[in-house]
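For reference, the structure discussed in these notes is given below.
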Amino acid sequence: MQLYPAIDLKNGQCVRLKQGEFKEITVYSDKPEEIAALWQEQGATYLHLVDLDGALAGHSVNEEVIRRIVNTVSIPVEIGGGIRSEEAIASMLSLGVARVIIGTKAVKQPEFIRDMIETFGADRIVLGVDAKDGMVAVEGWETVSEITASCLCSQMKEYGIRHIVYTDISRDGMLSGPNVAYTKKLTDETGLDVIASGGMSSMEDLRQLYEAGVQGAIIGKALYEKRIDLSEAVKTFEL
1 MQLYPAIDLK NGQCVRLKQG EFKEITVYSD KPEEIAALWQ EQGATYLHLV
51 DLDGALAGHS VNEEVIRRIV NTVSIPVEIG GGIRSEEAIA SMLSLGVARV
101 IIGTKAVKQP EFIRDMIETF GADRIVLGVD AKDGMVAVEG WETVSEITAS
151 CLCSQMKEYG IRHIVYTDIS RDGMLSGPNV AYTKKLTDET GLDVIASGGM
201 SSMEDLRQLY EAGVQGAIIG KALYEKRIDL SEAVKTFEL
């Protein structure tokens with residue numbers, strides 16, 4: 001199982017939110033590149049970045065910080081948040097980012113995903129599925145759509161998607177445990193690389209995902225609050 005330490009960016013700082021609420025914010029560092037270096041030092045083999053400002057603005061806002069992070073570490077980096085055009089994807093990839101995560105645009109204009117996979121390749125494009133009660137949320141989680149996470153994933157598989165980041169918004173930043181059952185359901189239904197996000201709180205959470213056959217897990221607040229030791233987690237579930 002691939003582990004992804006998360007770095008959420010807002011105003012150039014490394015932060016965490018609760019359930020996507022921008023008023024529920026904790027700042028962990030004003031030098032996110034140092035956090036990236038720390039996670040790599042502790043054994044991380046992939047990093048997950050979120051441009052929170054970009055998710056709301058609809059375009060990248062923390063580009064300079066992203067560049068610094070990519071230049072600081074030697075491991076691959078994926079990023080989501082406000083990436084809604086071919087130009088934005090090209091810009092992120094030009095910074096050295098390995099994969100971009102697209103959410104809102106996939107719901108509003110599904111064909112866009114198909115076109116971007118044809119342009120950049122399936123290993124560069126990740127589908128971001130953020131859901132509340134099984135329904136996909138968009139626009140920085142501000143709006144809930146009328147499409148289920150399961151339907152969206154099935155449709156995107158037909159367009160060539162291989163990687164999916166599935167976030168249960170109700171659990172994000174809450175340290176309440178991931179939605180193992182639904183993540184397993186998506187994994188079993190699609191056969192894709194489904195990456196669990198939201199609520200990771202302990203080694204036991206990671207173990208449940210691992211035993212459910214889930215391919216990846218994003219760990220955020222649990223690392224910052226020292227509830228999960230990254231080096232131990234990597235040794236246990238990656239190696």
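Going by the working numbering, the sequence shown opens with residue 1, and the numbers climb by one from there. Idealized CB from N, CA, C, for every residue including glycine. Keep in mind that this is a model prediction, so the values were computed, not measured.
**Report entry** For residue 135: DSSP bridge partner residues
**Finding:** Beta-bridge analysis with DSSP links residue 135 to 132, 148.
Requested in this report: Can you grab the Cα-Cα spacing for the pair residue 178 / residue 212, in whole Å?
Outcome: 12 Å
Query raised in the report: In terms of residues, what are the limits of the alpha helix (DSSP H) holding residue 113?
Result: For residue 113, the enclosing alpha helix (DSSP H) covers residues 111 to 120.
**Report entry** Distance, residue 204 Cα to residue 91 Cα
**Finding:** 38 Å
Query - Touching by the beta-carbon criterion (3+ pairs, under 8 Å), the region 110 to 123 and the region 68 to 81 - result: no
Query raised in the report: Start and end of the beta strand (DSSP E) containing residue 16?
Result: Its beta strand (DSSP E) spans residues 13 to 18.
Query raised in the report: Where does residue 5 sit, in a helix, a strand or coil, going by DSSP?
Result: strand
**Report entry** Backbone CA spacing between residue 54 and residue 231 [nearest angstrom]
**Finding:** 30 Å
Requested in this report: Within 10 angstroms of the Cβ of residue 77, are there 16 or more other Cβ atoms? Answer buried if so, exposed if not.
Outcome: buried
Report task. Starting from the C-beta of residue 190, find all residues in its chain whose C-beta is less than 6 Å away, skip the five residues before and the five after it, and write them out in chain order. Result -> 153, 157
Query raised in the report: Would residue 121 be called buried (16 or more neighbouring beta carbons within 10 Å of its own) or exposed?
Result: Exposed, since its Cβ has fewer than 16 Cβ neighbours within 10 Å.
Report task. Would you tell me roughly how many angstroms separate the C-alpha atoms of residue 132 and residue 144, rounded to the nearest one? Result -> Their Cα atoms are separated by approximately 7 Å.
Query raised in the report: residue 166 by DSSP, collapsed to three states: which one?
Result: In the structure shown, residue 166 sits in a strand (DSSP, three-state: E or B).
Query raised in the report: Between the C-alpha atoms of residue 221 and residue 114, what's the straight-line distance to the nearest angstrom?
Result: 33 Å
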